[in-house]
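Input: a single structure, listed below in structure tokens.
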Amino acid sequence: MTRGTGPYPFPTLPGPARHFVSIAAVVILFYAARSPATVLDEGGFFLLLGILVLGSAWFAGTGAALAVTVLGAIFGAVTASGTLTAAVHTHLALFVLQGLLLTALVAELRRARRSAEREARVAHAARLEGEAANRMKDEFLATISHELRTPLNAVLGWVHLIRTGKLDGVTAQRGFESIERNVRLQAQLTSDLLDISKALTGKLRIDSRPVSLRGIVQEAVTSVSTAAEAKDVRVNLTAPEVTVVVRGDADRLRQVVWHLLANAIKFTPRGGAVQVSIDANDAASVTVRDTGPGIDPEFLPRIFDRFTQADASTTRSAGGLGVGLSLVREIVERHAGEINVRNDAGGRGAVFTMRLPLHPEDQRVRPPLRLPATIAVGSPPLTGVRVLVLDRDRDGRDLVSVILEQRGAVVRLVDSVDEALEALEAWRPDVLVSDALSPDRDSYSLVGKVQSLESDRGGRIPALALTTFSRTNQEMRRLLSDVHRDLPKPVEPAILAAEIARLAGRERRRAQR
């Protein structure tokens with residue numbers, strides 16, 4: 015962008031000096047016109063006064079031009095006082111009109127220039143912002159590509175080695191652990207992208223109820239235990255003896271703590287430690303402290319911004335999409351809380367603190383015990399349970415089939431709603447498992463049909479939905495309204511089997527024995 019020239023010429027000259035020069039020019043012209051040796055007549059005198067008005071407006075501004083107009087009119091009347099004819103009166107009137115018009119014209123031109131320069135600055139800033147957004151988009155797409163390919167590389171590599179059958183038991187077990195860890199990482203990255211998209215469009219919803227803060231933190235600690243062990247990082251939890259109950263969405267709060275822990279483990283060197291502490295005074299707080307290198311002080315104010323990283327280069331030492339901490343702030347603020355970060359004393363290690371409001375009436379509530387999503391539960395037998403599985407993806411159908419058949423279930427697989435309706439009446443399953451969208455009709459619409467069918471036609475059986483969508487989505491709420499249970503993908507095999515056993519009544523019968 016070109017630099018503005020300023021409102022007046024000679025920008026270093028002060029305003030009073032400009033006014034003095036304008037007034038002095040009028041005085042000099044007045045005395046020159048009254049000199050006996052002058053060659054100016056009344057017409058020439060008023061013409062020069064008009065030029066002075068124009069020059070003053072350009073040189074010193076509107077105020078000086080108006081002063082010159084008034085002073086010129088007075089001097090013109092004095093100069094022609096001996097011959098105040100109609101022509102002189104006309105010259106005076108025309109000069110005053112000319113002075114006002116010239117002053118207004120110069121003022122309007124100056125205003126138009128200021129407006130043009132302002133618009134040029136706005137356009138320049140918008141162009142820079144657009145270029146920065148394009149660079150950020152390109153960097154973010156490159157980061158996504160890298161971060162999604164990295165776990166896939168490990169998964170495909172280990173799968174290839176395991177399929178050769180040449181690995182010993184210990185190495186194969188290490189490969190399976192690596193596959194599981196990287197698949198979980200990719201599932202979390204995908205979930206973060208979906209959540210940040212909801213946050214950007216205002217569709218991120220919170221299902222608030224009283225929950226145990228300690229239980230949530232323990233779930234998150236369990237979730238990151240595998241990654242911590244792989245890096246030889248200790249995770250220590252300190253919590254008060256009394257139960258601290260906060261009002262919020264348990265899954266979202268666990269997501270917040272998981273991100274804080276994963277971030278701490280990522281930047282903690284091998285052999286280091288991550289300290290997690292829960293406090294409850296005027297507010298409930300969760301503090302995550304690591305022993306890493308700390309955060310660059312210049313980056314601290316922007317650490318919760320979307321798509322930002324302290325080191326966004328392709329050679330950075332730590333991965334990530336730059337959306338996790340922005341999602342943390344979004345979720346915490348939706349819970350009427352606050353999140354802040356600082357470097358530990360001495361600049362070693364970062365300290366993240368989440369604060370949530372406490373409600374006295376909630377402290378008397380015993381929140382229900384939640385089963386951590388990553389803890390393997392006992393797999394009950396499903397011997398003889400007839401399960402109808404609807405999934406258009408062949409690999410998904412095969413996976414569910416193997417999981418259930420290993421536990422004794424009898425499984426029938428279909429890939430369309432029409433086939434499922436036929437199987438319901440002809441085969442009479444005990445449980446229906448339905449997956450995502452079908453090309454012809456929504457698979458979840460089958461659940462509503464099942465509930466409306468008579469029992470003798472295979473209807474009114476319990477249904478379980480496997481979904482990649484969030485229940486907080488209003489359309490998904492409607493679709494899942496008739497579902498007895500929904501599990502998000504990827505689902506733990508043991509949890510899937512346990513839910514089917516519960517829906518089929520096996521858990522209840524086993525508990526009565």
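Under our numbering, the first residue of the sequence shown is numbered 15, with each subsequent residue one higher.
From the three backbone atoms N, C-alpha and C, an ideal C-beta is built for every residue, glycine too.
Discussion item. Check whether the segment 223 to 233 and the segment 188 to 200 are in contact - that is, three or more C-beta pairs closer than 8 angstroms.
Written reply: Contact fails between the segment 223 to 233 and the segment 188 to 200, because fewer than three Cβ pairs, one in each stretch, are under 8 angstroms apart.
Worksheet item: Cβ atoms of Asp444 and Val414: under 8 angstroms apart, would you say?
Response: What you label residue 414 is simply residue 400 of the sequence shown in a count that begins at 1. What you label residue 444 is simply residue 430 of the sequence shown in a count that begins at 1. Not in contact: Val414 and Asp444 (Cβ atoms no closer than 8 angstroms).
Item to complete: Determine which residues share a DSSP beta bridge with Val247 and list them.
Response: Walking along the sequence shown from the start, residue 247 turns up at place 233. Per DSSP, none; premise fails for Val247.
Worksheet entry | Heavy atom of the ligand FAD within 7 angstroms of Gln420 beta-carbon | Of ligands this structure carries none, so the ligand FAD is not represented either.
Worksheet item: In angstroms, rounded to a whole number, what distance separates the CA positions of Ala47 and Thr76?
Response: As a position in the sequence shown, residue 47 is number 33, starting the count at 1. As a position in the sequence shown, residue 76 is number 62, starting the count at 1. Rounded to whole angstroms, Ala47 and Thr76 show a C-alpha spacing of 25 angstroms.
Discussion item. Helix, strand or coil, according to DSSP, for Val173 in the structure here?
Written reply: Counting from one through the sequence shown, the residue named residue 173 turns up at place 159. Val173 carries a helical assignment under DSSP once its states are collapsed to helix, strand and coil.
Item to complete: Please determine, among Leu438, Val197 and Ala186, the residue with the shortest C-alpha to C-alpha distance to Ile176.
Response: Counting from 1 along the sequence shown, the entry for residue 176 is found at position 162. Residue nearest to Ile176 within the set Leu438, Val197 and Ala186 is Ala186 (criterion: CA-CA distance).
Discussion item. Which same chain residues end up closer than 7 angstroms to Val425 when comparing Cβ atoms and leaving out the 5 residues on each side of it in sequence?
Written reply: Counted from its first residue, the sequence shown places residue 425 at position 411. Closer than 7 angstroms at the Cβ level, and outside the excluded window around Val425, lie Val401, Val403, Ser415, Leu418 and Glu419.
Worksheet item: Can Arg266 and Ile345 be called in contact, C-beta distance under 8 angstroms?
Response: By one-based count along the sequence shown, residue 266 stands at place 252. By one-based count along the sequence shown, residue 345 stands at place 331. It is a contact, given that the beta carbons lie within the stated cut-off.
Fill in: Separation of Leu155 from Ala515, as counted between CA atoms
Your numbering for residue 515 matches position 501 in the sequence shown. Your numbering for residue 155 matches position 141 in the sequence shown. Straight-line measurement puts the Cα of Leu155 at about 43 angstroms from the Cα of Ala515.
Fill in: Minimum C-alpha distance to Pro307 - residue among Gln289, Ala81, Arg369 and Phe281
Counting from one through the sequence shown, the residue named residue 307 turns up at place 293. The shortest C-alpha separation from Pro307 is found at Phe281.
Item to complete: Tell me whether Gln232 sits in a helix, a strand or coil according to DSSP, three-state version.
Response: Mapped onto the sequence shown, residue 232 falls at position 218. Correct three-state label for Gln232: helix.
Practice prompt. Look at the alpha carbon of Leu108 and the alpha carbon of Val41, and state the distance between them as a whole number of angstroms.
Written response: Taking the sequence shown and counting its residues from 1, the one referred to as residue 108 is at position 94. Taking the sequence shown and counting its residues from 1, the one referred to as residue 41 is at position 27. Answer to the nearest angstrom: the Cα atoms are 20 angstroms apart.
Fill in: His103 burial status per 10 Å Cβ neighbour count (16 or more: buried)
The sequence position of residue 103 within the sequence shown is 89, counting from 1. By the 16-neighbour rule on beta-carbons within 10 angstroms, His103 is exposed.
Worksheet item: Residues in its own chain within less than 6 angstroms of Ala121 by CB, not counting five upstream and five downstream?
Response: In the sequence shown, residue 121 corresponds to position 107, counting from 1. Sequence-distant partners of Ala121 (beyond 5 residues in either direction) whose C-beta falls short of 6 angstroms from its own C-beta, in its chain, are Thr76.
Worksheet entry | Exposed unless 16 or more other CB atoms sit within 10 angstroms - verdict on Asp409 | On the sequence shown, residue 409 is found 395 positions in, with the first residue counted as 1. It is exposed - the Cβ of Asp409 has fewer than 16 other Cβ atoms within 10 Å.
Worksheet item: What's the C-alpha gap between Leu274 and Ala234?
Response: Taking the first residue of the sequence shown as position 1, residue 274 is located at position 260. Taking the first residue of the sequence shown as position 1, residue 234 is located at position 220. So the alpha carbons of these two residues sit roughly 9 angstroms apart.
Worksheet item: Is it the case that the Cβ atoms of Val84 and Ser70 are separated by a distance below 8 angstroms?
Response: Along the sequence shown, read from residue 1 onward, the residue named residue 84 stands at position 70. Along the sequence shown, read from residue 1 onward, the residue named residue 70 stands at position 56. If you check the CB distance, Val84 and Ser70 do not come in under 8 angstroms.
Worksheet entry | Pair within 8 angstroms by beta-carbon distance, Ala276 and Val238 | As a working note, residue 276 is residue 262 in the sequence shown. As a working note, residue 238 is residue 224 in the sequence shown. Less than 8 angstroms divides the Cβ of Ala276 from the Cβ of Val238.
Item to complete: Answer yes or no: do Val197 and Val173 have a C-beta to C-beta separation smaller than 8 angstroms?
Response: Numbered from its first residue, the sequence shown carries residue 197 at position 183. Numbered from its first residue, the sequence shown carries residue 173 at position 159. Against a cut-off of 8 angstroms, the Cβ pair of Val173 and Val197 comes out as no contact.
Worksheet item: Do you know offhand how far Ala518's Cα is from Val399's?
Response: Start at 1 with the first residue of the sequence shown, and residue 518 comes out as number 504. Start at 1 with the first residue of the sequence shown, and residue 399 comes out as number 385. For Ala518 and Val399, the gap between their C-alpha atoms comes out near 7 angstroms.
Worksheet entry | Simplified DSSP assignment, three categories, for Ile345 | In the sequence shown, the residue the question calls residue 345 occupies position 331. Ile345 falls in the helix class under three-state DSSP.
Worksheet item: So what's Asp152 in DSSP terms, helix, strand or just coil?
Response: In the sequence shown, the residue the question calls residue 152 occupies position 138. Three-state result, Asp152: helix.
Item to complete: Using alpha carbons as the reference points, say which of Arg343, Leu27, Arg132 and Phe73 lies closest to Ile210.
Response: For the purposes of this step, residue 210 is taken as residue 196 along the sequence shown, with counting starting at 1. Comparing Cα positions, the closest option is Arg343.
Practice prompt. Please check the pair Pro502 and Thr481, which I expect to be a contact at CB under 8 angstroms, by giving their CB distance rounded to whole angstroms.
Written response: In the sequence shown, residue 502 corresponds to position 488, counting from 1. In the sequence shown, residue 481 corresponds to position 467, counting from 1. For Pro502 against Thr481, the beta-carbon gap comes to about 6 angstroms, under 8 angstroms, which counts as contact.
Practice prompt. Would you kindly work out how many angstroms separate the C-alpha atoms of Gly285 and Phe366, rounded to a whole number?
Written response: Position 271 of the sequence shown, counting from 1, holds the residue named residue 285. Position 352 of the sequence shown, counting from 1, holds the residue named residue 366. Cα to Cα, Gly285 sits roughly 20 angstroms from Phe366.
Discussion item. Is the beta carbon of Ser36 closer than 8 angstroms to that of Ala87?
Written reply: Walking along the sequence shown from the start, residue 87 turns up at place 73. Walking along the sequence shown from the start, residue 36 turns up at place 22. In this structure, Ser36 does not lie closer than 8 angstroms to Ala87 by Cβ.
Fill in: Identity of the residues DSSP links to Gly477 by a beta bridge
Looking up residue 477 in the sequence shown gives position 463. Rather than Gly, the amino acid found at residue 477 in this sequence is Ala. As DSSP reads the structure, Ala477 sits in a beta bridge with Leu446.
Discussion item. Using DSSP's beta-bridge definition, name the partner residues of Arg426.
Written reply: Counted from its first residue, the sequence shown places residue 426 at position 412. Per the DSSP secondary-structure output, Arg426 pairs in a beta bridge with Leu402.
Discussion item. Using only the alpha-carbon positions, how far apart do Leu115 and Ala137 sit?
Written reply: Taking the sequence shown and counting its residues from 1, one reaches residue 115 at position 101. Taking the sequence shown and counting its residues from 1, one reaches residue 137 at position 123. So the alpha carbons of these two residues sit roughly 32 angstroms apart.
Item to complete: Indicate the three-state DSSP secondary structure (helix, strand or coil) for Asp500 in the structure shown.
Response: Residue 500 sits at position 486 when you count from the first residue of the sequence shown. Asp500 falls in the strand class under three-state DSSP.
Discussion item. Just verifying my parser: in three-state terms, what is the DSSP assignment at Gly90?
Written reply: The count along the sequence shown starts at 1 and reaches residue 90 at position 76. Three-state result, Gly90: helix.
Practice prompt. Express the C-alpha separation of Gln202 and Ala477 in angstroms, rounding to a whole number.
Written response: On the sequence shown, position 463 is the one that residue 477 refers to. On the sequence shown, position 188 is the one that residue 202 refers to. Each residue's alpha carbon lies about 26 angstroms from the other.
Worksheet item: Which residue from Arg219, Arg248, Leu427 and Leu396 puts its Cα closest to that of Arg348?
Response: Translated into the one-based positions of the sequence shown, residue 348 becomes position 334. Here the closest residue by C-alpha is Arg219.
Fill in: Inter-residue Cα distance where the pair is Ala242 and Asp429
Indexing the sequence shown from 1 puts residue 242 at position 228. Indexing the sequence shown from 1 puts residue 429 at position 415. Going from the Cα of Ala242 to the Cα of Asp429 covers about 40 angstroms.
Worksheet item: With C-beta atoms as the reference, is Ala297 less than 8 angstroms away from Arg223?
Response: Position 283 of the sequence shown, counting from 1, holds the residue named residue 297. Position 209 of the sequence shown, counting from 1, holds the residue named residue 223. Cβ distance not < 8 angstroms, so Ala297 and Arg223 don't count as in contact.
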